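Q: After the structure tokens below, expect a handful of questions from me.
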Amino acid sequence: MSSASLEFEEVEELGLVKEIKVGPSSGRDRKSQTISPDISFRASFGNLALPLGLLDSLPTAFTLTAVGMERWDVEGVTEGDVEEVDPPWLQKVAGLFSKADTRTKRFPVLEGHPLAQEHAEAAVETQGTIQENLNALKKEFQIYRWNPDFPNTKPHLQSYFVDLSTCGPMVLDALQKIKAEEDSSLSYRRSCREGICGSCAMNIDGTNTVACLRPIDADTTKPTTITPLPHMFAIKDLVVDLTNFYQQYKSIEPWLKARQRPEDGREYRQSPKDRKKLDGLYECILCACCSTSCPSYWWNPEEFPGPAALLHAYRWVCDSRDDFADERVQALTEGLKSLYRCRTIKNCTVNCPKSLDPANAIHKMKTRHLVSQPVELFEGQ
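With my numbering applied, the sequence shown covers 434 to 814.
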């Protein structure tokens, strides 16, 4: 009977492994390690607890010293012995801890050995805590899915679970992780990833915003719901048709209109004071978060320009270099296109991811129009 087989027969007869030391059989690199009944693998040079499975990576020639009811040594185990005997040995140790009573979390096979029982219970509790912590890092994202290639499949919310410990802080980071690692068919727009382009606009937990500026809600007990911008035609998943939105933007003629060019042929000059009037207006990134939260835009999207277009209109009305301010305002006071279709609900201001105030810009244009022609307005009453 080889020394290796004797060793494992003794372990089987003993029925309880209190301590097993493992190390290279010789040489200056010899280190002793200990496996205790708390299912940990401890290295004496660092006292670092590691998974039991790391035994697979130990040197093929090593010394086993088992300490149980009595003590014995087994020297010079060969590579062949290890390949034959090592798996059953691991099964013996693992099997010991698989016999716990799930209701009491006690180990009947360890009766009469209170210290071993205590260590085993602590190991089970630690494992449960680790699993709870791992689960606590899993965040559920419920994402709107619809594919025009499958018209018989209705739009639905699909759940994905993201490990927040390996994910960036923003919702866009989670979307990119899902697309890269879980579901490459997920469609959404994105570009700059820093709140400049407005491409990744979507509705997150009921609020229109851009995903690259929206931090992930760290509360893993409730899911984050992501849907397309509301009241827009969905092309696929989170991608919406912005054709009408850009047409409305074009309709306000968003460019400088001057009656004559500067005499010296240089740029149109502007004082710092006049330039400051444009702050809070020119920063708009045309993400459409404001317009798609506006009830007036929902009701008349083909006529009412919407908050984004009107904000840009006021940006040119305020520009001291533009010579058509009054004409711009007048053009926005006619029919369903009228800026008076704005009911000052202020959803636009609440939902702007750049913290701009479209409602205030619209209010100032209304005021400018009323002040410019009060007589004509009241004579018709």
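All residues carry an ideal CB built from backbone N, CA and C; glycine is no exception. Keep in mind the model is a prediction, meaning the values are calculated, not measured.
Quick one: grab the DSSP three-state call for T660.
A: Locating residue 660 in the sequence shown gives position 227, counting from the first residue. Strand, per DSSP.
Q: Measuring CB atoms only, is the segment 692 to 705 touching the segment 747 to 762, in the sense that at least three cross pairs come out at less than 8 Å?
A: Yes: the two stretches touch, three or more of their Cβ pairs being nearer than 8 Å.
Q: Return yes when the Cβ of T660 is within less than 8 Å of the Cβ of P786, no when it is not.
A: Numbered from 1 along the sequence shown, position 353 holds the residue referred to as residue 786. Numbered from 1 along the sequence shown, position 227 holds the residue referred to as residue 660. Result no, Cβ atoms of P786 and T660 do not sit closer than 8 Å.
Q: Taking the alpha helix (DSSP H) that E709 belongs to, which residues open and close that run?
A: Working through the sequence shown from its first residue, we reach residue 709 at position 276. One detail in the question is off: residue 709 reads as Lys in this sequence, not Glu. Its alpha helix (DSSP H) spans residues P705 to K709.
Q: Do you know whose CA, among S618, L711, I778 and R761, lies nearest S805's CA?
A: Position 372 of the sequence shown, counted from the start, is the residue given in the question as residue 805. Comparing Cα-Cα distances from S805 to each of S618, L711, I778 and R761, the minimum goes to R761.
Q: Got a sec, what are the start and stop residues for the alpha helix (DSSP H) I685 sits in?
A: Position 252 of the sequence shown, counted from the first residue, corresponds to residue 685. It is not in any alpha helix (DSSP H) - I685 carries neither H nor E in the DSSP assignment.
Q: Between N733 and R692, is the Cβ-Cβ spacing less than 8 Å?
A: Position 300 of the sequence shown, counting from 1, holds the residue named residue 733. Position 259 of the sequence shown, counting from 1, holds the residue named residue 692. Cβ distance not < 8 Å, so N733 and R692 don't count as in contact.
Q: Indicate the three-state DSSP secondary structure (helix, strand or coil) for V804 in the structure shown.
A: Your numbering for residue 804 matches position 371 in the sequence shown. V804: helix per DSSP, three-state reduction.
Q: Does the Cβ of C625 have 16 or more other Cβ atoms within 10 Å, making it buried, or fewer, making it exposed?
A: Taking the sequence shown and counting its residues from 1, the one referred to as residue 625 is at position 192. That one is exposed.
Q: Please look up how many angstroms separate the CB atoms of M635 and L662, rounded, as I've assumed it's under 8 Å.
A: The residue labelled residue 635 in the question sits at position 202 within the sequence shown. The residue labelled residue 662 in the question sits at position 229 within the sequence shown. Indeed, because the Cβ distance is near 6 Å, the residues count as touching under 8 Å.
Q: What residue range is occupied by the uninterrupted beta strand (DSSP E) comprising T642?
A: Within the sequence shown, the letter at position 209 stands for residue 642. Taken as a continuous stretch (DSSP letters only), the beta strand (DSSP E) holding T642 covers T640 to V643.
Q: State buried or exposed for V783, treating a residue as buried only when at least 16 other CB atoms are found within 10 Å of its CB.
A: Here residue 783 is taken as the residue at index 350 of the sequence shown, counted from 1. Under this definition V783 is an exposed residue.
Q: Which residues in the same chain have their Cβ closer than 6 Å to the Cβ of H802, if we skip the five residues on either side of it in sequence?
A: Residue mapping note: residue 802 aligns to position 369 of the sequence shown, counting from 1. Counting only Cβ-Cβ distances below 6 Å, and skipping sequence neighbours, we find V762 and T766.
Q: Within a Cβ cutoff of 6 Å, which residues of the same chain sit near F757, ignoring the five residues on either side of it in sequence?
A: Sequence index remark: in the sequence shown, residue 757 carries index 324 (1-based). So the list reads K690, once near-sequence residues are dropped.
Q: Got a sec? Which residues, its chain only, sit under 7 Å from M665 by beta carbon, not counting five neighbours each side?
A: On the sequence shown, residue 665 is found 232 positions in, with the first residue counted as 1. Excluding positions up to five away in sequence, the list reads V673, D674 and T725.
Q: Would you say L743 and L772 are within 8 Å of each other, going by their C-beta atoms?
A: Here residue 743 is taken as the residue at index 310 of the sequence shown, counted from 1. Here residue 772 is taken as the residue at index 339 of the sequence shown, counted from 1. Yes; because the gap between Cβ atoms is below 8 Å, this pair is in contact.
Q: Name the residue from I685, P740 and C645 whose alpha carbon lies nearest to the alpha carbon of D606.
A: Locating residue 606 in the sequence shown gives position 173, where the first residue counts as 1. Considering only alpha carbons, the answer is C645.
Q: Is C720 closer than 8 Å to P392 when the C-beta atoms are compared?
A: The shown model of the chain, from 434 to 814, leaves out residue 392, and the question about it has no answer.
Q: Would you kindly work out how many angstroms separate the C-alpha atoms of V604 and H589, rounded to a whole number?
A: As a working mapping, residue 604 is identified with position 171 in the sequence shown. As a working mapping, residue 589 is identified with position 156 in the sequence shown. Taking the straight line joining both Cα atoms gives about 20 Å.
Q: So I611 is in the alpha helix (DSSP H); what residue range does that whole segment cover?
A: Working through the sequence shown from its first residue, we reach residue 611 at position 178. First-last of the alpha helix (DSSP H) with I611: V604 to E614.
Q: For my contact list, Y593 and E615 are in at a C-beta cut-off of 8 Å; report their separation, rounded to the angstrom.
A: Taking the sequence shown and counting its residues from 1, the one referred to as residue 593 is at position 160. Taking the sequence shown and counting its residues from 1, the one referred to as residue 615 is at position 182. About 6 Å separates the two Cβ atoms, so the contact holds.
Q: Report all residues from its chain with a CB closer than 8 Å to the CB of D712; omit the five preceding and five following residues, and keep chain order.
A: For the purposes of this step, residue 712 is taken as the residue at position 279 of the sequence shown. Within the same chain, D712 has no close Cβ partners at all.
Q: Measuring alpha carbon to alpha carbon, tell me which residue in K571, Q591 and F574 is nearest N580.
A: Here residue 580 refers to the residue found at position 147 when the sequence shown is read from its first residue. Ranking K571, Q591 and F574 by Cα distance to N580 puts Q591 first.
Q: What does F574 pair with, by DSSP beta-bridge criteria?
A: Counted from its first residue, the sequence shown places residue 574 at position 141. Per DSSP, Y593 and T657.
Q: Using only the alpha-carbon positions, how far apart do S632 and D707 sit?
A: Taking the sequence shown and counting its residues from 1, the one referred to as residue 632 is at position 199. Taking the sequence shown and counting its residues from 1, the one referred to as residue 707 is at position 274. Straight-line Cα distance between these residues: approximately 30 Å.
Q: Is M798 helix, strand or coil when you go by DSSP?
A: Residue 798 sits at position 365 when you count from the first residue of the sequence shown. M798 falls in the helix class under three-state DSSP.
Q: Output needed for I576: all residues of its chain with C-beta closer than 6 Å, excluding positions within five of it in sequence on either side, in chain order.
A: Position 143 of the sequence shown, counted from the start, is the residue given in the question as residue 576. Q591 and I659, listed in sequence order.
Q: Who are the Cβ neighbours of A770 in its own chain at under 7 Å, not counting the five residues just before and after it?
A: Counting from 1 along the sequence shown, the entry for residue 770 is found at position 337. Residue identity check: residue 770 is Lys in the sequence provided, not Ala. Excluding sequence neighbours, K770 sits near E736, F737 and P738.
Q: Mind checking whether F574 and I611 have CB atoms under 8 Å apart?
A: Taking the first residue of the sequence shown as 1, we reach residue 574 at position 141. Taking the first residue of the sequence shown as 1, we reach residue 611 at position 178. The answer is yes: Cβ separation under 8 Å.
Q: Return the CA-CA distance between S788 and S618, expressed in angstroms with no decimal places.
A: Along the sequence shown, read from residue 1 onward, the residue named residue 788 stands at position 355. Along the sequence shown, read from residue 1 onward, the residue named residue 618 stands at position 185. Between S788 and S618, the C-alpha separation is close to 33 Å.
Q: From this set, N677, N793, L608 and D790, which residue's C-alpha is nearest Y730's C-alpha?
A: Along the sequence shown, read from residue 1 onward, the residue named residue 730 stands at position 297. Y730 has its Cα closest to that of N677, out of N677, N793, L608 and D790.
Q: Is it buried or exposed, Y621, if we count other Cβ atoms within 10 angstroms and call 16 or more buried?
A: As a position in the sequence shown, residue 621 is number 188, starting the count at 1. So Y621 ends up on the buried side.
Q: Alpha carbon to alpha carbon, what distance is there between I649 and I468?
A: Position 35 of the sequence shown holds residue 468. Position 216 of the sequence shown holds residue 649. The pLDDT assigned to I468 is 38, lower than 50, so where the model puts this residue is not dependable; a value taken from the coordinates is nonetheless given after this. Whole-angstrom Cα-Cα distance: 41 Å.
Q: How far does the alpha helix (DSSP H) with A746 in it reach, from first residue to last?
A: Position 313 of the sequence shown, counted from the start, is the residue given in the question as residue 746. That run of the alpha helix (DSSP H) goes P740 to C751.
Q: Between the alpha carbons of I795 and K571, how many angstroms are there, rounded?
A: One-based indexing of the sequence shown puts residue 795 at position 362. One-based indexing of the sequence shown puts residue 571 at position 138. Cα-Cα distance, rounded: 44 Å.
Q: Quick one: Cα of K709 to Cα of E716, how far?
A: Taking the sequence shown and counting its residues from 1, the one referred to as residue 709 is at position 276. Taking the sequence shown and counting its residues from 1, the one referred to as residue 716 is at position 283. Taking the straight line from one Cα to the other gives about 12 Å.
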